[in-house]
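Asker: First, the structure itself, so that you have it in front of you.
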Amino acid sequence: MVINITSLYAIQAGVGCGQYCSVKAAREMYFKVFALENPDVNVLNYAPGPVDTDMFTMVCEKIIDPKAKKAFNEMREKKTVLTTEQTVNRLVQVLKEHKYNSADHVDYYDKL
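Each residue of the sequence shown is one higher than the one before, counting from 259 in the numbering used here.
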């Protein structure tokens with residue numbers, strides 16, 4: 259079992275996030291190839307959603323895209339940012355239900 263912690267930015271571009279998006283996309287593709295080359299290994303690309311971390315705080319303060327900055331700050335104000343416990347519980351649920359193909363991108367908010 260391999261779990262790659264990825265991001266929505268692996269599959270969706272963001273203004274001012276070129277390096278982050280590129281690295282996340284490349285890493286996700288690496289694990290898709292890995293899954294093809296190792297069919298006996300279960301691979302999950304899991305996007306944990308917006309989680310209350312130091313990185314989330316930094317993004318709220320420094321992101322240059324006004325629309326994204328507004329969206330991130332609204333999540334913070336409305337307290338819809340996820341806790342690590344919430345996203346880990348969702349990850350466990352995804353793993354238990356196993357309703358994905360190896361190397362799929364599964365987001366916290368995806369319906370299974």
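Beta carbons: idealized from backbone N, C-alpha and C, even for Gly.
Given 8 Å as the limit, is there contact between the segment 280-290 and the segment 312-324, that is, 3 or more CB pairs closer than that?
Answerer: At 8 Å Cβ cutoff, the stretches do not touch.
Asker: Using alpha carbons as the reference points, say which of D310, A326 and D362 lies closest to T338.
Answerer: T338 has its Cα closest to that of D310, out of D310, A326 and D362.
Asker: Using only the alpha-carbon positions, how far apart do F330 and K336 sit?
Answerer: Their Cα atoms are separated by approximately 10 Å.
Asker: Whose C-alpha, out of Y358, Q351, N359 and S265, is nearest the C-alpha of P306?
Answerer: Ranking the options by Cα distance to P306, first place goes to S265.
Asker: Ignoring anything shorter than 3 residues, give me the beta strand (DSSP E) runs that lie fully in the segment 290-334, in order along the chain.
Answerer: Listed in chain order, they are 301-305.
Asker: Taking Cβ to Cβ, would you say I261 is nearer than 8 Å to L302?
Answerer: Cβ atoms of I261 and L302: closer than 8 Å.
Asker: Can you say whether V299 is buried or exposed, counting buried as having 16 or more other CB atoms within 10 angstroms of its CB?
Answerer: When all chains shown are included, V299 counts as exposed.
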